[in-house]
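Report on the structure given below.
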Amino acid sequence: MARAKRGESTLKETMLETEVTYTLAHDGKFFLVEHVPARVCRETGEQYFAPETVERIRSAIEGQKPVRVIETPVYEYA
Numbered sequence: 031m032a033r034a035k036r037g038e039s040t041l042k043e044t045m046l047e048t049e050v051t052y053t054l055a056h057d058g059k060f061f062l063v064e065h066v067p068a069r070v071c072r073e074t075g076e077q078y079f080a081p082e083t084v085e086r087i088r089s090a091i092e093g094q095k096p097v098r099v100i101e102t103p104v105y106e107y108a
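Just so we're aligned: the sequence shown equals residues 31 to 108 in my numbering.
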């Protein structure tokens, strides 16, 4: 597989346009945003978001009613 290097055509080959579930922890709360468009590096799994996508996520968390609410168990590691 080609290595991702800035400025080379191989960069595009290592990126996958897809949808992901975005997770965010903020003010002691956890948020999930599903079906978020992202570019994902095939080698590292790192996710990249367009600035307008990040703004839309922020707006959704601040002002929209969630489509559903889930309960999440919390465990202590130590």
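Even glycine gets a Cβ: it sits at the ideal position worked out from N, Cα and C.
All of these numbers come straight from a predicted model, not from anything done at the bench.
So what does residue i bridge to, in DSSP terms?
i	result
Y52	V63
A68	T48
What residue range is occupied by the uninterrupted alpha helix (DSSP H) comprising residue i?
i	result
T58	Note that residue 58 is Gly in the sequence shown here, rather than Thr. From DSSP, G58 is part of no alpha helix (DSSP H); its letter is neither H nor E.
A80	It is not in any alpha helix (DSSP H) - A80 carries neither H nor E in the DSSP assignment.
What residues in its chain sit with their C-beta under 6 Å from that of residue i, if we drop five residues either side in the sequence?
i	result
L46	V70 and R72
With a threshold of 8 Å on Cβ separation, who are the neighbours of residue i within its own chain once the five nearest residues in sequence on each side are excluded?
i	result
I91	L54, H56, F61 and V63
To which residues of the same chain is residue i closer than 7 Å at the C-beta, ignoring the five residues directly before and after it?
i	result
T102	F60
T48	A68 and V70
Thinking residue i and residue j are a contact (beta carbons under 8 Å), I'd like their distance in whole angstroms, please.
i	j	result
V66	Y52	5 Å
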